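The next block holds one structure in the form of structure tokens; read it before the comments.
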Amino acid sequence: MSGIPRSLLGQCAVALLGANARSGLTLHHAFAAYSSAAAPAQSAALIKQLRERSGAPIADVKSMLVEHGWDMDKAYEALRKKGLAAAAKKASRHAAEGLVGASFAASAASSGGSSSSEASTSGGGRGSVVVVELNSETDFVARNELFQKLLREVMGAAHALGPAAAVGPDHAMDLDQLMSARTASGPSVSEAVTALAVQVRENVRLRRAFRVDSGAGGLVFPYVHQAAAPGLGKLASVVVLAPEPDDKAQPLDAAGRGGAPLLAAGGGLAMHVAGMRPLYLNRAAVPAAALERERELLRQQLAADADFAGKPAKVLDKVVEGRLGKLLSDWCLEAQRYVLEDELTVDKLMARLKKEVGQPVRVASFLRVQCGEGLGAKAGGGDFAAEVARIVSEA
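Here the working numbering is used: the first residue of the sequence shown is 791, the next is one more, and so on.
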């Protein structure tokens, strides 16, 4: 202050005093309104309580308490409104990180696998598996305990909705219905997602959810790859084993005859789906349009290959069908080499399982969900088949 003339300082002081006198305030009162001296004796405790309640940064918590006369409820509501506005602005930001969760819940009449009606993140049996993808902007937030807790709560809400919430043959759940569902802690899924976005200051998004049921006579098996915590990882897969649909078929029983082979095959196939990425169950499941599209691409490749110039149409058609067959062996689960026993294809594994169980067993359906896939960012990456093989060899 030594560089400012005393006369100028005096003029400023007089002007400030005059202004405050006209407004009915003293200079002391004018400064006290913005001073910590105006805070109640328990201010530190109030800051701590509101910080824990809102999850907002301490600086925001204190400023809102000061602004609202240290009224906890008013300050909380102001923080909430500020957070909702901030979350709305973040909603357009790219969120390709996060986690996929999978949990199994046994049916009330379960006779095999897990016997509890509580949801679990391991095992399988008669009941249902829900798979949920929750996205964040960074992997740092995905590893946060609050993020993982929310994902588990969303899976619990998905189980509570029941099988009617799953729509379509791909097992997808109605997201609007799930977002409106209540979590175990009270708020709706939508409210809980927004609250977490406010706390972590990132775009947090419930991207998709699935429910896969075993059916009355089947068994359902989940698998989670790259697990960050039990039941939570970067990739989840589900396989349903079921008896052949005929009058003589008996429900599969993981606790009865052939139970051990059923559990081994179900868990192994779920791991296989994660590693080998099948697109279809078998050739019959491949859409005719997809087959014809691939045939046309193969014909174009042959037309551009000098080695096949002038070859008869029958020869070219045979080559096309041969190459298409190799593609289908990669696309179709039943034709793939079983990742845990490379000398077997999956259909041969099922033939062996038939002998072990005493009746035909089929893969009724499967699901594979990878975090961030299709969002234009690296979504897990890695050679899953090699990684699965390594896990098995180390077991």
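The beta carbon of each residue, even a glycine, is placed where N, CA and C say it ideally should be.
This one's a predicted model, so the numbers in the text were calculated from it and none came from an experiment.
Selected residue, minimal CA-CA separation from V1188, among S897, A962, V1153 and K939: No answer is possible for residue 1188: the residues shown for the chain start at 791 and end at 1185.
Under the three-state DSSP convention, the category Q1160 falls into: Here residue 1160 refers to the residue found at position 370 when the sequence shown is read from its first residue. Looking at Q1160 - three-state DSSP - the assignment turns out to be strand.
Proximity below 9 Å, CB of L941 to CB of L889: Numbered from its first residue, the sequence shown carries residue 941 at position 151. Numbered from its first residue, the sequence shown carries residue 889 at position 99. Cβ atoms of L941 and L889: closer than 9 Å.
heavy atom of the ligand ZN below 8 Å from L1114 C-beta: The model depicted lacks the ligand ZN and carries no ligand whatsoever.
Per-residue DSSP class, three states only, for D1003: Start at 1 with the first residue of the sequence shown, and residue 1003 comes out as number 213. It is a strand residue.
Where the beta strand (DSSP E) containing F1098 begins and where it ends: Here residue 1098 is taken as the residue at index 308 of the sequence shown, counted from 1. Neither: F1098 is in no beta strand (DSSP E) and is coded neither H nor E.
Residue closest to G914, alpha-carbon to alpha-carbon, out of V1010, K1101 and A898: Locating residue 914 in the sequence shown gives position 124, counting from the first residue. Among V1010, K1101 and A898, the Cα nearest to that of G914 belongs to V1010.
Host beta strand (DSSP E) of S918 (start-end): For the purposes of this step, residue 918 is taken as the residue at position 128 of the sequence shown. Per DSSP, S918 belongs to the beta strand (DSSP E) from G917 to S926.
Pairwise C-alpha distance: G976 and L1165: Within the sequence shown, numbered from 1, the residue matching residue 1165 stands at position 375. Within the sequence shown, numbered from 1, the residue matching residue 976 stands at position 186. Cα to Cα, L1165 sits roughly 31 Å from G976.
Sufficient close CB pairs (3 or more, under 8 Å) joining the region 1006 to 1021 to the region 1050 to 1058: yes
Residue burial classification, V1105 (beta-carbon count within 10 angstroms, cutoff 16): Residue 1105 sits at position 315 when you count from the first residue of the sequence shown. Exposed: under 16 other Cβ atoms inside 10 Å.
Element boundaries [beta strand (DSSP E), containing V1029]: Taking the first residue of the sequence shown as position 1, residue 1029 is located at position 239. Element bounds for V1029: L1025 to P1033.
Unbroken beta strand (DSSP E) run spanning E1082, endpoints: Mapped onto the sequence shown, residue 1082 falls at position 292. First-last for E1082: A1078 to A1093, but that is the alpha helix (DSSP H), not the beta strand (DSSP E).
Candidates R1067, P1102 and R1085, of which the one nearest L1114 by Cα: Along the sequence shown, read from residue 1 onward, the residue named residue 1114 stands at position 324. The residue with the shortest Cα to Cα distance from L1114 is R1085.
Reference V920, options Q938, T928, A1039 and P953, closest by Cα: Looking up residue 920 in the sequence shown gives position 130. Ranking Q938, T928, A1039 and P953 by Cα distance to V920 puts P953 first.
S1004 vs S1119 beta-carbon contact at 9 Å: Within the sequence shown, the letter at position 214 stands for residue 1004. Within the sequence shown, the letter at position 329 stands for residue 1119. No, the Cβ-Cβ distance between S1004 and S1119 is not below 9 Å.
Opening and closing residue of the beta strand (DSSP E) in which V1014 lies: To locate residue 1014, count along the sequence shown from 1; it is residue 224. Run containing V1014: L1009 to H1015, per the beta strand (DSSP E) assignment.
Whether V979 touches E943 by CB criterion (9 Å): As a first step, residue 979 is located in the sequence shown; it is residue number 189 there, counting from the start. As a first step, residue 943 is located in the sequence shown; it is residue number 153 there, counting from the start. Closer than 9 Å, so yes.
Cut-off 7 Å between Cβ atoms - residues of its own chain near A947, not counting five sequence neighbours on either side: For the purposes of this step, residue 947 is taken as the residue at position 157 of the sequence shown. Within the same chain, A947 has close Cβ partners L968, A971, R972, T973 and V979.
7 Å CB neighbourhood of K1144 in its chain, flanking five on each side removed: Residue 1144 sits at position 354 when you count from the first residue of the sequence shown. Excluding sequence neighbours, K1144 sits near P1150 and V1151.
Cα-Cα separation, V1002 to V1028: Counted from its first residue, the sequence shown places residue 1002 at position 212. Counted from its first residue, the sequence shown places residue 1028 at position 238. Looking at the two C-alpha atoms, the distance is approximately 8 Å.
Alpha-carbon to alpha-carbon, K1116 and A1093: Walking along the sequence shown from the start, residue 1093 turns up at place 303. Walking along the sequence shown from the start, residue 1116 turns up at place 326. Between A1093 and K1116, the C-alpha separation is close to 19 Å.
Extent of the continuous alpha helix (DSSP H) run through V1109: Indexing the sequence shown from 1 puts residue 1109 at position 319. Taken as a continuous stretch (DSSP letters only), the alpha helix (DSSP H) holding V1109 covers A1103 to W1121.
Beta-carbon proximity of V1147 to R997, cut-off 9 Å: Position 357 of the sequence shown, counting from 1, holds the residue named residue 1147. Position 207 of the sequence shown, counting from 1, holds the residue named residue 997. The answer is no: Cβ separation not under 9 Å.
Sheet register partners of A896 (DSSP bridge): Residue numbering aside, residue 896 sits at position 106 when the sequence shown is read from its first letter. The partner list for A896 (beta bridge, DSSP) reads G917.
Distance CB(Q1016)-CB(H1062) smaller than 9 Å: Counting from one through the sequence shown, the residue named residue 1016 turns up at place 226. Counting from one through the sequence shown, the residue named residue 1062 turns up at place 272. No.
Own chain partners of Y824 with C-beta closer than 6 Å, once the 5 adjacent residues on each side are dropped: Counting from 1 along the sequence shown, the entry for residue 824 is found at position 34. Below a pLDDT of 50, predicted positions are generally treated as unreliable, and Y824, at 36, falls in that range; the measurement from the model is reported next regardless. Within the same chain, Y824 has no close Cβ partners at all.
L1087, buried or exposed, once every other Cβ within 10 Å from all chains shown has been counted against 16: In the sequence shown, residue 1087 corresponds to position 297, counting from 1. With fewer than 16 other Cβ atoms within 10 Å, it is exposed.
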